[in-house]
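Presented below is the structure to which this report refers.
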Amino acid sequence: MSAFEFFFSFYGLILGLSVAELLGGFARTVNRNPRPRFGLLTPLLAVFAAVDVTTFWYQAWIIFRPAPFNLALLMLGLLIAGLFYIAATLVFPRDEDRIEDLDTHFWRNKRTILLLLLSANVIVASLIIGVSAAQGELHLVAKTWYFWFGLSLFTGLTVVAALARRPWIVKAALIALLVYYSSNIVRAAAPLINEGGWSLVAKE
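Below, the structure is given as structure tokens:
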């Protein structure tokens with residue numbers, strides 16, 4: 081087992097529990113009797129949280145794979161993944177919560193959820209900048225305009241969604257974040273579509 085495999089067995093477990101909390105929370109809510117009114121806000125937030133967790137799963141391969149394993153790295157993974165897990169547990173109400181409208185639960189928890197997700201992203205962005213600076217490679221990050229654009233866009237829209245009190249502003253910010261993530265997914269899918277990117281035919 082490599083150092084990354086050992087680290088990821090811990091980090092990935094907590095991220096996986098975060099996804100399980102989101103899916104389980106959705107399933108519990110759907111199976112409630114009577115079923116609460118969903119609205120649009122909670123589904124948008126749930127999809128955003130799920131995509132953000134998945135993105136971090138992907139980023140772990142890029143960021144942590146070259147890292148030497150030690151206790152500090154393990155604690156950093158606990159902090160990042162722990163923030164996601166706590167946020168995921170708050171997206172949907174628990175079984176003991178008696179609510180008729182998910183919007184009520186949303187407005188009670190959305191600021192905490194979004195700020196937790198933002199904190200995890202800021203920590204990882206700071207890690208990328210810090211490691212690049214320590215290795216004398218900050219100029220390479222500085223030239224990566226899409227990194228700074230994405231970080232600024234994500235931070236700005238998440239703060240707006242977290243602090244806004246008008247539903248239409250929150251919806252617009254969450255939809256814009258999902259559009260941004262969708263563009264990244266499309267960009268990532270391009271190599272799979274191009275010739276040689278992914279083939280189901282055995283090559284001789």
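Residue numbers (our numbering): 81 to 284. The beta-carbon is built from N, C-alpha and C at its ideal position, and this holds for glycine as well.
Within the DSSP bridge table, the entry for D181 names R117 as partners. For A269, the number of other beta carbons within 10 angstroms of its own is below 16, and it is reported as exposed. In this structure, DSSP gives E217 a state outside helix and strand, which the three-state scheme calls coil. Collapsing the DSSP output to three states places T192 in a helix.
Only exposed fits G236, as fewer than 16 other CB atoms lie within 10 angstroms of its CB. Contact annotation, V133 with S98: C-beta distance approximately 5 Å; criterion of less than 8 Å satisfied. The shortest CA-to-CA distance from F229 to any of L257, Y138, I166 and Q215 is the one to L257. Contact between the segment 201–219 and the segment 174–189 is absent: fewer than three C-beta pairs spanning the two stretches fall below 8 Å. For T224, there is no enclosing alpha helix (DSSP H), since its DSSP letter is neither H nor E.
Membership of M155 in the alpha helix (DSSP H) is indicated by the continuous run L151 to V171. The DSSP-derived three-state label of D132 is helix. For R108, the uninterrupted alpha helix (DSSP H) segment begins and ends at A83 to V110. Looking at P247, M81 and Y138, the one whose alpha-carbon comes closest to that of T184 is P247. In the three-state scheme derived from DSSP, where H, G and I count as helix and E and B as strand, N274 is classed as coil. The segment 140–155 and the segment 87–103 touch, with no fewer than 3 CB-CB distances between them shorter than 8 Å. Cβ-Cβ distances below 6 Å link L124 to L254 in the same chain, with the five nearest sequence neighbours on each side left out; the list follows chain order. Under the three-state reduction of DSSP output, P146 falls in the coil class, being neither helix nor strand. Around the beta carbon of A213, fewer than 16 other beta carbons sit within 10 angstroms, so the residue counts as exposed. Counting C-beta pairs with one atom in each stretch, the segment 193–201 and the segment 173–181 have fewer than three that are closer than 8 Å, which means they do not touch. In the three-state reduction of the DSSP assignment, R174 falls in the coil class.
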